[in-house]
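What follows is a set of notes on a single structure, which appears directly below.
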Amino acid sequence: MTTLSIPSASPARPSNPRAAEPSTAVVGLQWGDEGKGKVIDLLAPRYGAVVRYNGGANAGHSVVIEGKRHALHLMPSGVFHPGVQSVIGNGVVIDPEVLLREIDQITTLTGTAPALAVSDRAHVVMPWHKVEDAIRETLLATPASGDGSGEGDRSIGTTKRGIGPAYADKAHRAPAVRVGDLLRPASLRTKIERVADLKNRSLAPLAGPGFAPFDGAAIAAQYAHLGERLRPFVTDTLHLLHGIVGAGRAVLFEGANATLLDVDHGTFPFVTSSSCSTLGIPVGTGLPCRHVQRVVGVMKAYSTRVGGGPFPTELKDATGDRIRERGREYGTTTGRPRRCGWLDLVALRYTTMLNGATGLAIMLLDVLAGLPEIKVCTAYEIGGERVDRFPPDAEPLALARPVFETLAGFDGDLTVARTLADLPAGARRYVEFIERALGVPAEVVSVGPDRAQTIVQGE
Ligand code: IMP
0 MTTLSIPSAS PARPSNPRAA EPSTAVVGLQ WGDEGKGKVI DLLAPRYGAV VRYNGGANAG
60 HSVVIEGKRH ALHLMPSGVF HPGVQSVIGN GVVIDPEVLL REIDQITTLT GTAPALAVSD
120 RAHVVMPWHK VEDAIRETLL ATPASGDGSG EGDRSIGTTK RGIGPAYADK AHRAPAVRVG
180 DLLRPASLRT KIERVADLKN RSLAPLAGPG FAPFDGAAIA AQYAHLGERL RPFVTDTLHL
240 LHGIVGAGRA VLFEGANATL LDVDHGTFPF VTSSSCSTLG IPVGTGLPCR HVQRVVGVMK
300 AYSTRVGGGP FPTELKDATG DRIRERGREY GTTTGRPRRC GWLDLVALRY TTMLNGATGL
360 AIMLLDVLAG LPEIKVCTAY EIGGERVDRF PPDAEPLALA RPVFETLAGF DGDLTVARTL
420 ADLPAGARRY VEFIERALGV PAEVVSVGPD RAQTIVQGE
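Residue numbering for the sequence shown follows numbering that gives the first Met the number 0, beginning at 0 and increasing consecutively.
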């Protein structure tokens, strides 16, 4: 029989450090641009770190401070708070030029370099990814001769930031460059020259006569230089994050893009190429699932979408135009006008469930003021049948006709409201209607772009 002896100098039994504030995810419940940047900026001071886990420079988060709008694409939105560590996790794809531009922008603005940690495992968006993104979109937009489907343009309407091709190369493995590679100039050159050659051979026939081949040696030199500039920020973020939560501090996970653009769970194929929902957090950060303890689902008081793909509640009329103008619904990344429509509760019930949202942030409520009535989609009709569940992809969704409930509109200047009681009764009823429909309380109601124009419940 073996006797287990416990050494007298045994370390203390492991405890389970619990942060006073639960680690929290902020995630978009629609097709993006819900106003996540503002919510993150608001919550960030309570957390040890703000962590991006997915997407790349396709995202556009704007933070308005003292009336000035700051547009960020890669930088976590908590970056304006001193003392909060900003982290770009391994699940993000990084365009070093964009990131360095944002680092410079913040350094100029605040007088110090941001407290930023960039994962050495994150993949790099290379010049060929942007070219490939554009080529693929052009090919999809132009039906092949002899294609009798009559479908015409099948392009996704991407941001052309190289996101899809960068994630595809990550899955392909062999031709991919990671941030850690940029810091090893000796092997970087061989690696990049090899990839450039492969890309020249694979892309030239797709691109046609105007294709300018990539110069591997020049790109290697350029990326080695970018790597040197990034070096002070690059680290093993997995261990950094485990250290932060291990010390009992909470982290704030920043979802980029949004749930209906999630590569697995969105309106496929009109999606982006990453896991945008909370389900992408463990894989994109290296922190296990139990660290997602609270989830704030961010939604607009109406719906918008940029790019292609079905949008059942879209308004192609004067009301849609009015929402676009009042809500300044033009892309932060591409400047494209956003498609606007009524709130879609079928989609929101699905994304609330999928993300495990524990609270809502209802944004841009002020934009709806002055409308005589507000419609809300509560179900779809597909092929003559009433459907309450969000369909699995774009094909059945394109057939969905919205079933609307009409609510009374509201008027007045909502931007001055600081509590729910300050809101016009109709606006309050609208918030309560959404809370009941989704079974989750509104923790934040935003009535204007500035930090101050916000109602925070339970504070
Ligand atoms: P990609 O991410 O550039 O490949 O674009 C794929 C689709 O996602 C396109 O319809 C884009 O307009 C959309 N998209 C990607 N990122 C965002 C975002 O942050 N907000 C809104 N739409 C986005």
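Think of the CB as a built atom: it goes at the ideal place given N, C-alpha and C, for glycine as much as any other residue.
Kindly identify the DSSP beta-bridge partner or partners of E404.
V375
Please state if the CB of P174 and the CB of L534 are separated by a distance shorter than 7 angstroms.
Beyond the ends of the chain as shown, which are 0 and 458, falls residue 534; an answer cannot be given.
Between L349 and G438, what straight-line distance do the alpha-carbon atoms span, to the nearest angstrom?
As written in the sequence, residue 349 is Tyr, which differs from the Leu given in the question. Using only the alpha carbons, I get a separation of about 12 angstroms.
Cβ pair F269, G308 closer than 7 angstroms:
yes
In whole angstroms, what separates the C-alpha of L370 from that of R177?
50 angstroms
What residue range is occupied by the uninterrupted beta strand (DSSP E) comprising M298?
R293 to K299
What do you reckon, is the C-beta of G254 under 6 angstroms from a heavy atom of ligand 1?
no
C-alpha distance - P320 paired with L251, whole-angstrom precision:
Reading the sequence as shown, one finds Asp at residue 320 and not Pro. The straight-line gap from Cα to Cα measures roughly 35 angstroms.
Entirely enclosed alpha helix (DSSP H) segments - the stretch 315 to 386, minimum 4 residues:
317 to 325 and 344 to 354
Report the CB separation of R450 from D40 in whole angstroms; it is logged as a contact under 8 angstroms.
7 angstroms
Check whether the Cβ of A58 lies closer than 6 angstroms to any heavy atom of ligand 3, and answer yes or no.
As for ligand 3, it is missing from this structure, which binds only ligand 1.
Could you give the distance in angstroms between the alpha-carbon of H171 and the alpha-carbon of A206?
21 angstroms
Length-filtered (3 minimum) beta strand (DSSP E) runs lying within the stretch 128 to 202
none
From L71 to N57, what does the alpha carbon distance come to, in whole angstroms?
10 angstroms
Using only the alpha-carbon positions, how far apart do V446 and A416 sit?
7 angstroms
Relative to ligand 1, is the shortest distance from any of its heavy atoms to the C-beta of I433 smaller than 6 angstroms?
no
Please classify I64 as buried or exposed, where buried requires at least 16 other C-beta atoms within 10 Å of its C-beta.
exposed
Just confirm the distance between the C-beta atoms of L182 and V233, as a whole number of angstroms; I'd bet it's less than 8 angstroms.
6 angstroms
Please state if the CB of V83 and the CB of G77 are separated by a distance shorter than 7 angstroms.
yes
Simplified DSSP state of G425, which is helix, strand or coil
helix
Does the stretch 297 to 305 come close enough to the stretch 321 to 339 that 3 or more CB-CB pairs lie under 8 angstroms?
yes
Measuring only the C-alpha atoms, how far is V92 from R428?
41 angstroms
With DSSP as the reference, label G242 as helix, strand or coil.
helix
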